[in-house]
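Undergrad:
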Amino acid sequence: MFFLVGFLANAASSIAQGTTLNPNIKSAKLYRYGDQTSFPAITLNSADALQLEFDDLENRVKNYYYTFQLCNADWTPSILHPFEYIKGFQNVRISTYRNSSISITRYIHYQASVPDRNSTPSRSGNYLLKVFLDSDTSKLAFTKRFVVVNSQATVAAQVQQPFNAQFFKTFQKLFIGVQTDPRIRLFTPSDLKIVVLQNNNWQTSLFIDRPTISRPNYYEYIDESITAMPAGKEFRWLDLRSLRLLSDRVQKMETTQDTAWIFVKPDPSRNGLPYLYYRDLNGSYTIEAMESINPFWQGDYAYVNFSYFPPNNRTIEGRDIYIFGELTDYAFDASSKMIFNKERGAYEKTLFLKQGYYNYNYITKPLDGKGYPDMSQTEGDFWGTENSYTVLVYYRPFGGRADELIGFASLNSTFQR
Numbered sequence: 160m161f162f163l164v165g166f167l168a169n170a171a172s173s174i175a176q177g178t179t180l181n182p183n184i185k186s187a188k189l190y191r192y193g194d195q196t197s198f199p200a201i202t203l204n205s206a207d208a209l210q211l212e213f214d215d216l217e218n219r220v221k222n223y224y225y226t227f228q229l230c231n232a233d234w235t236p237s238i239l240h241p242f243e244y245i246k247g248f249q250n251v252r253i254s255t256y257r258n259s260s261i262s263i264t265r266y267i268h269y270q271a272s273v274p275d276r277n278s279t280p281s282r283s284g285n286y287l288l289k290v291f292l293d294s295d296t297s298k299l300a301f302t303k304r305f306v307v308v309n310s311q312a313t314v315a316a317q318v319q320q321p322f323n324a325q326f327f328k329t330f331q332k333l334f335i336g337v338q339t340d341p342r343i344r345l346f347t348p349s350d351l352k353i354v355v356l357q358n359n360n361w362q363t364s365l366f367i368d369r370p371t372i373s374r375p376n377y378y379e380y381i382d383e384s385i386t387a388m389p390a391g392k393e394f395r396w397l398d399l400r401s402l403r404l405l406s407d408r409v410q411k412m413e414t415t416q417d418t419a420w421i422f423v424k425p426d427p428s429r430n431g432l433p434y435l436y437y438r439d440l441n442g443s444y445t446i447e448a449m450e451s452i453n454p455f456w457q458g459d460y461a462y463v464n465f466s467y468f469p470p471n472n473r474t475i476e477g478r479d480i481y482i483f484g485e486l487t488d489y490a491f492d493a494s495s496k497m498i499f500n501k502e503r504g505a506y507e508k509t510l511f512l513k514q515g516y517y518n519y520n521y522i523t524k525p526l527d528g529k530g531y532p533d534m535s536q537t538e539g540d541f542w543g544t545e546n547s548y549t550v551l552v553y554y555r556p557f558g559g560r561a562d563e564l565i566g567f568a569s570l571n572s573t574f575q576r
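Take 160 as the starting number for the sequence shown in our numbering and just add one per residue.
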């Protein structure tokens, strides 16, 4: 099917939401102030700021720094020198930290504002936030993605039900209209690149490089063969805000002097089950704790055991299963891959998670790691699922050496109706 070309082209060039190279780094989040589930986007030359939070389990204070790297629309590094897109210092020291308190697990919690007033992006586009040790960029700890928007295009978008019988019940398509500023001069309509994110997730993003209809300064993307995406279902949830009381999704809990173990109730396949709407976080998680004042440095950690029982308690032939959501950075690697337990007939995975409220789903991918991830066998797809969408419009002027982000819009598939 042609629409998969856009998915695969982008998935091949993308990595997870971020990459954690230091195993001691946990619960790294980058979001707009006041909303832990928000998409990390700021406006160029504005007072917008993002909040960076992370923990270091090594429990000794270190000298962490951050910088950011400009990337193109497909997240390949731009050829520009940092002096061409960073105004001020190239590196910023993270000077705000706190020792954990009243928690079994010992850690140092760090936080910072991005960008810093002494180091700000001077161009729009995709940025990779890099956090490293001792002002040495070779000691990279982890990365996170964010975008900087310079509004030169108006974006109108709507989520619709596809007409194609193959997609009618399981996909959602987008109607996208882009009105560019008259100062934007395009040689061809393909000079605009459209990226669509479902639930703030880059791993399954849709990349569109040609409009369906175009006229001067206006472009429409309405062909469902290139704008349709699998709808999925509402995310499963797990409430870990308390390590003293069992929440509705926790089967049992075991606590020792230095460790807490939580066993999540077994998850069956939802494929073929009737669609049920409930409010979720669209794959995100929030750091929260009921028994503390500040969950960021008073929240505790626990080993959380997940188990997924496939139909007939047999492996899904030719595919691996992953825990999918922000809790695993939407990654498809060993950190999220589940292992099949023949004795129980279930896929299992243990994650080390901080107190909070989590969303997750189970997703499959071919054994060779290639191909588009699929939820149809584990969760099922229903066109009326509540999903959030983000539409990003990129443009590279004639002679330009990097893609600029000139348009941004966010919408919801349910609450617009």
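For every residue, glycine included, the Cβ atom is placed at its ideal position computed from N, Cα and C.
Could you tell me if E545 is buried or exposed, where buried requires 16 or more neighbouring beta carbons within 10 angstroms of its beta carbon?
TA: Here residue 545 refers to the residue found at position 386 of the sequence shown. Classification of E545: buried, given that the 10 Å Cβ count is 16 or more.
Undergrad: Can you tell me whether L163 is helix, strand or coil according to DSSP?
TA: In the sequence shown, residue 163 corresponds to position 4, counting from 1. Model confidence at L163 stands at a pLDDT of 42, short of 50, so the residue's coordinates are unreliable and nothing is read from them.
Undergrad: Can you check which of these residues, L510, R252, T339, is closest to Y378 by C-alpha distance?
TA: Your numbering for residue 378 matches position 219 in the sequence shown. Answer by Cα proximity: T339.
Undergrad: Using only the alpha-carbon positions, how far apart do Y467 and S428 sit?
TA: Sequence index remark: in the sequence shown, residue 467 carries index 308 (1-based). Sequence index remark: in the sequence shown, residue 428 carries index 269 (1-based). Those two C-alpha atoms are separated by around 8 angstroms.
Undergrad: Considering only residues of the same chain and omitting the five flanking positions on each side of A187, which have a CB-CB separation below 6 angstroms?
TA: Position 28 of the sequence shown, counted from the first residue, corresponds to residue 187. Cβ within range, chain order: F213, F301.
Undergrad: Assign D215 to one of two classes, buried (16 or more other C-beta atoms within 10 Å of its C-beta) or exposed (fewer than that).
TA: Residue mapping note: residue 215 aligns to position 56 of the sequence shown, counting from 1. So D215 ends up on the buried side.
Undergrad: Taking the C-alpha atoms as reference points, what is the distance between R252 and T537?
TA: In the sequence shown, residue 252 corresponds to position 93, counting from 1. In the sequence shown, residue 537 corresponds to position 378, counting from 1. For R252 and T537, the distance between alpha carbons rounds to 44 angstroms.
Undergrad: Where in the segment 435 to 514 do unbroken runs of the beta strand (DSSP E), each at least 3 residues long, occur, reported from the N-terminal end onward?
TA: With a minimum length of 3 residues, the continuous beta strand (DSSP E) runs that stay inside the segment 435 to 514 are 444 to 446, 460 to 468, 478 to 483, 498 to 500, 505 to 513.
Undergrad: May I ask which residues mark the beginning and end of the alpha helix (DSSP H) holding T386?
TA: In the sequence shown, the residue the question calls residue 386 occupies position 227. From DSSP, the alpha helix (DSSP H) with T386 extends over 383 to 386.
Undergrad: Alpha carbon to alpha carbon, what distance is there between L229 and D562?
TA: Residue 562 sits at position 403 when you count from the first residue of the sequence shown. Residue 229 sits at position 70 when you count from the first residue of the sequence shown. Roughly 9 angstroms between the two C-alpha positions.
Undergrad: Closest by CA to N344, which one among T523, E502, A312?
TA: Residue mapping note: residue 344 aligns to position 185 of the sequence shown, counting from 1. As written in the sequence, residue 344 is Arg, which differs from the Asn given in the question. For R344, the nearest C-alpha among the options comes from A312.
Undergrad: Do V423 and N464 have their C-beta atoms closer together than 8 angstroms?
TA: Here the question's residue 423 lines up with position 264 in the sequence shown. Here the question's residue 464 lines up with position 305 in the sequence shown. Going by C-beta atoms, V423 is nearer than 8 angstroms to N464.
Undergrad: Which whole-angstrom value is the C-beta distance of Y190 and L288, which I expect to be below 8 angstroms?
TA: Residue mapping note: residue 190 aligns to position 31 of the sequence shown, counting from 1. Residue mapping note: residue 288 aligns to position 129 of the sequence shown, counting from 1. Their Cβ separation, rounded to whole angstroms, is 12 angstroms, which puts Y190 and L288 out of contact at 8 angstroms.
Undergrad: Is the beta carbon of S569 closer than 8 angstroms to that of S535?
TA: Sequence index remark: in the sequence shown, residue 535 carries index 376 (1-based). Sequence index remark: in the sequence shown, residue 569 carries index 410 (1-based). Their beta carbons are not under 8 angstroms apart, which means S535 does not touch S569 by this criterion.
Undergrad: With DSSP as the reference, identify every bridge partner of L292, one or two as the case may be.
TA: Reading the sequence shown from its first residue, position 133 is the one you call residue 292. Answer is Y223, bridged to L292.
Undergrad: Is the beta carbon of I475 sitting closer than 8 angstroms to the one on M497?
TA: Locating residue 475 in the sequence shown gives position 316, where the first residue counts as 1. Locating residue 497 in the sequence shown gives position 338, where the first residue counts as 1. No. Outside cutoff.
Undergrad: For P375, which three-state DSSP category applies?
TA: Position 216 of the sequence shown holds residue 375. Coil, per DSSP.
Undergrad: Would you call the segment 237 to 244 in contact with the segment 318 to 337, where contact means no fewer than 3 C-beta pairs closer than 8 angstroms?
TA: The answer is no - the segment 318 to 337 does not touch the segment 237 to 244, with fewer than three Cβ pairs under 8 angstroms.
Undergrad: Once the 5 residues before and after R265 are set aside, which same chain residues still bring their CB inside 7 angstroms of it?
TA: Position 106 of the sequence shown, counted from the first residue, corresponds to residue 265. Counting only Cβ-Cβ distances below 7 angstroms, and skipping sequence neighbours, we find N218, S259.
Undergrad: Would you identify the three-state DSSP class for S283, choosing helix, strand or coil?
TA: Start at 1 with the first residue of the sequence shown, and residue 283 comes out as number 124. Three-state DSSP puts S283 in coil, outside helix and strand.
Undergrad: Under three-state DSSP, which class holds P389?
TA: Translated into positions along the sequence shown, residue 389 becomes position 230. Strand, per DSSP.
Undergrad: When the Cβ atoms of the segment 450 to 463 are set against those of the segment 513 to 524, are three or more pairs found closer than 8 angstroms?
TA: Touching, yes, given that three or more Cβ pairs across the two stretches are closer than 8 angstroms.
Undergrad: For I267 and Y256, which I take to be in contact (beta-carbon distance under 8 angstroms), what is that distance rounded to the nearest angstrom?
TA: Position 108 of the sequence shown, counting from 1, holds the residue named residue 267. Position 97 of the sequence shown, counting from 1, holds the residue named residue 256. Between Y256 and I267 the Cβ distance is about 6 angstroms, and since that is below 8 angstroms, they are a contact.
Undergrad: Return the Cβ separation of D540 and A390 in integer angstroms, given the expectation that the two are a contact with Cβ distance under 8 angstroms.
TA: Along the sequence shown, one-based indexing puts residue 540 at 381. Along the sequence shown, one-based indexing puts residue 390 at 231. Indeed they touch by this definition, with Cβ atoms about 5 angstroms apart.
Undergrad: Across which residues does DSSP place F346 in a beta bridge pair?
TA: Locating residue 346 in the sequence shown gives position 187, where the first residue counts as 1. Paired residue(s): none; F346 is not in a bridge.
Undergrad: For a test of the three-state rule: what should DSSP assign to F557, helix, strand or coil?
TA: Here residue 557 refers to the residue found at position 398 of the sequence shown. Here F557 sits in coil by DSSP.
Undergrad: Considering only DSSP beta bridges, list what E545 is partnered with.
TA: As a first step, residue 545 must be located in the sequence shown, where it is residue number 386. According to DSSP, which records beta bridges pairwise, E545 is partnered with nothing at all.
Undergrad: Taking T363 as part of the beta strand (DSSP E), name the residues at either end of that continuous run.
TA: Numbered from 1 along the sequence shown, position 204 holds the residue referred to as residue 363. Start and end: 360 to 367.
Undergrad: Count the other CB atoms within 10 Å of the CB of F557; is the residue buried (16 or more) or exposed (fewer)?
TA: As a first step, residue 557 must be located in the sequence shown, where it is residue number 398. Counting Cβ neighbours within 10 Å, F557 comes out exposed, since fewer than 16 surround it.
Undergrad: In the DSSP assignment, the beta strand (DSSP E) including G177 goes from what residue to what residue?
TA: In the sequence shown, residue 177 corresponds to position 18, counting from 1. Unbroken run through G177: none, as it is neither H nor E.
Undergrad: E243 by DSSP, collapsed to three states: which one?
TA: Position 84 of the sequence shown, counted from the first residue, corresponds to residue 243. Residue state, collapsed to three classes: helix.
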